[in-house]
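Reading the sequence shown from the start, the letters are residues -17 to 563 in this note's numbering.
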Amino acid sequence: MIDPVTALAVSMNASPGVYALLLGSGVSKAAGIPTGWEIVQDLTGRLAVAEGEDVGGDAIGWYVSRYEREPDYDVLLEELAPLPSERNRLLRAYFEPSEEEREQGLKQPTEAHRAVAELVRRGYVRIVITTNFDRLLERALDEAGVSATVVSSGDDVDGLLPLDHSSCTIVKVHGDYLDTRIKNTERELRTYDPRIDSLLDRVFDDYGLIVCGWSAKYDKALRAAIARCPSRRFSTHWAARGKLGVSAERLATARDGHIVAIESADSFFAELLERVTALADAEEDPMSARVAVARLKRYLPVPDARIRLHDLVSQGTEDLRGRLTSKEFPLSSPPPTPEAVLQRMKAFDAASDIVARLAAVGAFHGRPEQEEVWVRMLQRVAELDEVEGQRLVVWDSLRLYPALVLMYAAGIAAVASGHFSVLESLAQRVRIDDEALVRKLYTWSVLDDRLAKQIPGLERRHTPVSDHLYAALRDAMRDILPSDQEYAAAFDRFEYLWALMHVDATLGTDHWHDGWGPVGRFGWRRRPSGEREPAVVGRELERQGEAWPPLAAGLFGGSLDRLNEVKTAFDAFVSKLGMAF
């Protein structure tokens, strides 16, 4: 019989991102985070002390004798701390380490938390549902360079980025211990906010499930959410020590779940990570993303490796061109429905992945004399051979999407590293229909915005193609920008610079339309400081003038007056769109 952990690893490796995790208190057990029953034992002891009773170490027995009932977790909490804010203060000490506990390594992320974080970082897991109040998983993800979206109340669901566009979403169904809305009592655990229920319905319907450390005994609303799931798109795997309880067994049976016998959450997730990683390593071919990037990093600092560098990038580029011009992407079919457009964009994302990673690492770490490599790469993908026969307009325009992906990858990396000459070379030296790339290539030229806003998951986005690219490129950029905050800042800066360069390139020509330029996420997104990108750039220009790095590198002819003219016109245009700065 196949080992169940091996079977799960094979499934995860074959379909990254299709499994959601459901983690209960057992996952945090090794960190010294108490379970609900352990909290009950401690609270009954405190109650006995408060009443002046010497219970001789048997607080539970004393409670039963004193109150003639078993001390239930929910009842005890409700009696000792009737208000949520009071329960918050009472529970804080159970989840935050004291100095002594910190020295002992308690209430810190465990091996299980770190293994889960690595599975997330590698793209095998994107969604984690947990009944835990603690923040150990968030801390482990931070250590791994992953910034998670945390949902701990119904309010957090409003405006939530589509699940498949986020690197990780943590749904804390009982809340966070620092939030006064945490759920503890039986009454509170009977129902969830309708928005949380709706989110859970989507997850349980669309994803497989890996359960660990959850007994299912007390959580009526969560049990109901799992039980009402109408479909079984992917399998359920329930990791447990010993025999499942009645509630858990019923759910596992209803979902045709596979029971995985484990010694602990730590050993289970560490073993799962090891086997998934081993499978991925075994499948690598000479032109896999990891191997290609490793080779590129060896060639970039070595002047004598110029030919090997050229051959590596050329091989990846020509492989991509071969796919783009093959029957895999016909221009006459299928009908360009929003769903079909999204499917093709994702197929292009996958096809472009290796070359995008090369472009990002090359633009970030490369030397000025190597810029020609990136110019030639983008030129080959941006100007594909003409295709005879009938062509649908949408598919014809979308042929430029892979070039857009590569341009974004190289451009974001160039901005992040301060290699603005790379950005200028790509903008002016790459040509489409004998015009500079900066005039011809941007999100709106590749896909009409009205159609883009009908794509599933992007219907309510101000900048749908930009938002899709932001999510699609995140993994490719992680090697050079591990911090999500740095990535977001570089993405916005690149898009804003590219828009200004487009306006600058059309100034005084027939392409000039009253400051029109492509608007990206910077038009609506604020930095942590509360400012939008145009305001940040404006402040930098006031302080640095012509020493501002893009100007010093020669963008906008090195002229502050010229840049200010372009910036004023473009900012006014964006304001007219309702995205006021």
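Ideal placement from N, C-alpha and C gives every residue a C-beta, glycine not left out.
Below 8 Å on the Cβ atoms is my guess for residue i versus residue j; work out the distance and round it to an integer in Å.
i      : j      : result
Ile152 : Thr112 : 7 Å
Pro438 : Pro320 : 6 Å
Asp248 : Ala94  : 5 Å
Ser7   : Gly195 : 6 Å
Pro64  : Thr26  : Actually they do not touch by this definition, with Cβ atoms about 17 Å apart.
Ala198 : Ala230 : 4 Å
Gly157 : Ser135 : 7 Å
Ala99  : Ala252 : Rounded, the Cβ-Cβ distance is 12 Å, inconsistent with contact.
Arg104 : Val128 : So it is not a contact: roughly 10 Å between Cβ atoms.
Arg214 : Asp238 : 6 Å
Ser246 : Ala12  : 7 Å
Arg257 : Ile244 : Not quite, the Cβ-Cβ distance comes to about 14 Å (not below 8 Å), so this is no contact.
Leu291 : Gln352 : 7 Å
Ala418 : Ala487 : 6 Å
Leu282 : Gly227 : About 56 Å separates the two Cβ atoms, so there is no contact after all.
Phe77  : Asp116 : 5 Å
Arg509 : Ala471 : 7 Å
So, using beta-carbon positions, are residue i and residue j closer together than 9 Å?
i        : j      : result
Val(-13) : Phe250 : yes
Gln361   : Arg305 : no
Leu123   : Val185 : no
Trp480   : Ala409 : yes
Gly14    : Leu88  : yes
Phe504   : Ile394 : no
Asp449   : Arg456 : no
Lys549   : Leu482 : yes
Val107   : Leu3   : yes
Ala364   : Met327 : no
Ser427   : Ala535 : no
Val0     : Gly190 : yes
Lys398   : Glu468 : First, the amino acid is wrong: residue 398 is Ala here, not Lys. Yes, the pair counts as a contact, with Cβ atoms nearer than the cut-off.
Asp301   : Ile336 : yes
Ile192   : Ala221 : yes
Arg358   : Ser315 : no
Val387   : Phe330 : yes
Ala30    : Val37  : yes
Leu143   : Val323 : no
Trp506   : Val485 : no
Arg69    : Leu59  : yes
Leu542   : Gly520 : no
Leu374   : Phe476 : no
Asp431   : Lys422 : no
Thr307   : Leu366 : yes
Arg381   : Ala274 : no
Val556   : Asp461 : no
Ala203   : Arg177 : no
Counting along the chain, where does the alpha helix (DSSP H) carrying residue i start and finish?
i        : result
Gly344   : 320 to 347
Gly304   : 288 to 306
Gln467   : 466 to 488
Gly393   : 383 to 399
Gly157   : Here Gly157 belongs to no alpha helix (DSSP H), and DSSP marks it neither H nor E.
Gln90    : Taken as a continuous stretch (DSSP letters only), Gln90 belongs to no alpha helix (DSSP H), as it is neither H nor E.
Pro79    : No alpha helix (DSSP H) contains Pro79, which DSSP labels as neither H nor E.
Trp44    : 41 to 49
Asp378   : 375 to 380
Asp457   : 456 to 459
Gln410   : 402 to 411
Pro(-14) : -14 to -4
Ala595   : For residue 595 there is no data in the structure shown, the boundaries of the chain being -17 and 563.
Please find out if some non-hydrogen atom of the ligand ATP comes closer than 8 Å to the beta-carbon of residue i.
i     : result
Pro53 : The model depicted lacks the ligand ATP and carries no ligand whatsoever.
Would you kindly report the start and end of the unbroken beta strand (DSSP E) that includes residue i?
i      : result
Ala13  : Looking at the DSSP string, Ala13 is not in any beta strand (DSSP E), and its letter there is neither H nor E.
Trp356 : Unbroken run through Trp356 is the alpha helix (DSSP H), 353 to 364; no beta strand (DSSP E).
Taking DSSP's pairing of strands, which residues face residue i in a bridge?
i      : result
Ile109 : Ala2, Thr151
Contained alpha helix (DSSP H) runs [length at least 4] in the stretch 414 to 449, N- to C-terminal order: 419 to 422, 425 to 428, 431 to 434
- request: Mind listing, in chain order, the continuous beta strand (DSSP E) runs of no fewer than 3 residues lying wholly within the stretch 111 to 154?
  value: 131 to 133, 151 to 154
field: Any alpha helix (DSSP H) of 4 or more consecutive residues that is wholly inside the stretch 504 to 558
entry: At a cut-off of 4 residues, the continuous stretches assigned as alpha helix (DSSP H) that sit fully inside the stretch 504 to 558 are 515 to 526, 531 to 534, 542 to 558.
task: Just list the beta strand (DSSP E) runs in the stretch 168 to 246, keeping only unbroken ones of 3 residues or longer that don't cross its boundaries, in chain order.
output: 190 to 194, 218 to 222, 240 to 243
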